[in-house]
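Contents: one structure, followed by commentary.
2 protein chains.
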Amino acid sequence: MNYNDKQLQIIDTAEGLFADKGFDGTSVRDIAEVAGINVAMISYYFGSKEKLMEALFEIKIERIKDRLESLLKDETLTPFQKVNIMIDEQIERMWSGQRFYKIMLCEQLIDTNPSITRKVSELKLRNAELVNKIVKDGQEKGVFKKEVDVVLMLNTMIGTSWQTLVSQDYYKNFSAEDMSLTDDAYKEQMKTKLSNHVKTLFKIILSYEA
Amino acid sequence: MNYNDKQLQIIDTAEGLFADKGFDGTSVRDIAEVAGINVAMISYYFGSKEKLMEALFEIKIERIKDRLESLLKDETLTPFQKVNIMIDEQIERMWSGQRFYKIMLCEQLIDTNPSITRKVSELKLRNAELVNKIVKDGQEKGVFKKEVDVVLMLNTMIGTSWQTLVSQDYYKNFSAEDMSLTDDAYKEQMKTKLSNHVKTLFKIILSYEA
DNA sequence: GTTTTAATTAAACGATTGTTTAATTTTGTG
DNA sequence: CACAAAATTAAACAATCGTTTAATTAAAAC
């Protein structure tokens, strides 16, 4: 499906509101007002509020799909390099696209729209299979250990990253850290720490114990 | 606040519906119908739908609070034992109380009710401080290493557990596992695997490298 | 320039939302 | 039993929901 500029602008507006107030908490009039358009345009372009949501998922998931694909093919990278790059890209994707990730997580929890459930399910399985290939490759090359639970490993990457992103505000005042940091600098520091943390965990999960 | 049987029954019904359809996706008439009461009873007992939600959080969070408290005090346990028990209890709590955890996570994401946001925030900070005490104790006793990022560690525990719980259906057919398992047996197996996984990660995070 | 198509609008639609009212029934108390 | 308090009810409330209609404007095609 192809969308024109106006449609993309509506989708973008909807993304922001869905992330802030949830799908059911956002009215089509909210979207229309923020986007500066007439309410009827939403039905006109998308058919319904549900289908507007589906269009959002279609676009975003398509974009996510493409990125991981190319990583697997790269022959110049070692399995460990691939895994580390995957971690960094995952974190980067979550931070920059946190509005959509919020919506996606909510949708996984609530689970009302079958079309979206299917899209998310396919994406997750696909990712797991791609990572499984990397792991299998590493095992054959003798750098990864034999028994690796790929699903649990991915759950650690995604879960830890997500948990860190969602609750970073809660813990801002927890650690007696350098308070002179700006908000942006704080976030960047958090991302770096998280990246190293997950990489360390993955090294343990994947490589032979000392 | 104390609630009578009827109020508790309404709260319990609401919990189920909120978990399935979300707060905004659930109408007071839905709740009334499932609970087998008149719609007006919700306003009569709780004042509003929002306050019904707050009552749910009040009850549930109170219960969660109490459990962790006693663990810290136990003098007969080593720091490592405490951590491992914490992991198992956390997983057990998530699995048995997944309806509420769903709602709580959604509420963290959407963040509209200040009263609830405060309650959740307090709970999280409290937990982090309790765990921090355990870690400090272990460091003083020389069994935990010096540099431990407690927040990241907790994010790994909660994030990994939650991610596993939420997406266990997606991956049911992923691993070429023993298919003869019943659903309940599968879930129990999943919990055991998860528990061992997180414990392994924590051992790495907390103890000196070899 | 005229015709056709697409875009945009305000208004109305019926359904559903959370809450309140006022009447009635049930329960507890003396 | 009589009285007061609590519980429960059906009905009504105004507000908002997503969507549709029918009319109008803008753009594209011939």
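Line order of the protein sequences matches chains Y and F.
Read in order, the letters of the first sequence correspond to residues 1 to 210 in the numbering used here.
Read in order, the letters of the second sequence correspond to residues 1001 to 1210 in the numbering used here.
Beta carbons: idealized from backbone N, C-alpha and C, even for Gly.
query: Cβ-based neighbour list, F/D1020, same chain, cut-off 6 Å, excluding 5 preceding and 5 following; result: none
query: Nearest-angstrom beta carbon gap, F/I1061 and F/K1119 [assumed within contact, 8 Å]; result: 5 Å
query: Y/W162 beta carbon less than 9 Å from that of F/G1097; result: no
query: Every unbroken alpha helix (DSSP H) inside the stretch 73-104 of chain Y [4 residues or more]; result: 79-96
query: Buried or exposed (CB count within 10 angstroms, at least 16 for buried), F/S1167; result: buried
query: Member of Y/L201, Y/L130, Y/V151 whose CA lies at the smallest distance from the CA of Y/E69; result: Y/L130
query: Of the listed residues F/V1135, F/L1123, F/T1164, nearest to F/E1188 (C-alpha basis); result: F/T1164
query: Rounded separation between Y/A210 and Y/L201 - CA only; result: For Y/A210, the predicted structure reports a pLDDT of 45, less than 50, and the residue's modelled location is therefore unreliable. The matter cannot be settled from this model.
query: Status (buried if at least 16 other CB within 10 Å, exposed otherwise) for F/N1002; result: exposed
query: Within chain Y, the residues that F/W977 reaches when beta carbons sit closer than 8 Å; result: The displayed coordinates of chain F run from 1001 to 1210. Any statement about residue 977 of chain F would go beyond what the structure contains.
query: Proximity test, Cβ basis, 9 Å: F/S1161 and chain Y; result: yes
query: Any C-beta of chain Y under 9 Å from that of F/S1108; result: Here the sequence assigns Gln to residue 1108 of chain F, which means Ser is not the residue at that position. Interface residue, yes.
query: Residue from F/E1122, F/V1151, F/D1137 with nearest C-alpha to F/F1080; result: F/D1137
query: Close-in-space but distant-in-sequence residues of the same chain around F/A1032 (CB under 8 Å, 5 per side omitted); result: N1038, V1039, M1041, I1042
query: Proximity to F/M1094 [Cα-Cα], best of F/K1203, F/D1030, F/M1190, F/Y1208; result: F/M1190
query: Straight-line Cα distance separating F/F1046 from Y/K199; result: 48 Å
query: CB contact flag (Y/V151, F/Y1101, <9 Å); result: no
query: Three-state secondary structure assigned by DSSP to Y/A210; result: Reliability fails at Y/A210, whose pLDDT of 45 lies under 50, so the model's placement of it is uncertain and no value is given.
query: Exposed unless 16 or more other CB atoms sit within 10 angstroms - verdict on F/N1004; result: exposed
query: Cβ distance (whole Å) where F/K1133 is taken to contact F/L1072 below 8 Å; result: 6 Å
query: F/R1099 versus Y/T78: straight-line alpha-carbon distance, rounded; result: 42 Å
query: Nearest-angstrom Cα separation, counted from Y/E107 out to F/C1106; result: 10 Å
query: Under the three-state DSSP convention, the category Y/K172 falls into; result: coil
query: Residue environment, F/L1008, which counts as buried when at least 16 other CB atoms sit within 10 Å; result: exposed
query: Simplified DSSP assignment, three categories, for F/V1143; result: coil
query: For Y/Q139 and Y/F23, the rounded distance between their alpha carbons; result: 43 Å
query: Closer than 7 Å at the beta carbon, the chain F residues around Y/Y170; result: S1121, K1124, L1125
query: Cα-Cα separation, Y/V28 to Y/I110; result: 20 Å
query: Segment limits, alpha helix (DSSP H) that includes F/Y1045; result: 1040-1046
query: Near-chain Y residues of the stretch 1022-1045 of chain F - C-beta to any C-beta below 7 Å; result: G1022, D1024, G1025
query: Residues, ordered as in the chain, of the stretch 137-152 of chain Y that lie near chain F by beta-carbon distance below 7 Å; result: D149, V151, L152
query: Same chain only: Cβ atoms within 8 Å of Y/L194, ignoring 5 sequence neighbours per side; result: I91, T160, S161, T164
query: Selection of the stretch 74-106 of chain Y by Cβ proximity to chain F, strictly under 8 Å; result: K102, L105, C106
query: Rounded separation between F/I1205 and Y/I204 - CA only; result: 10 Å
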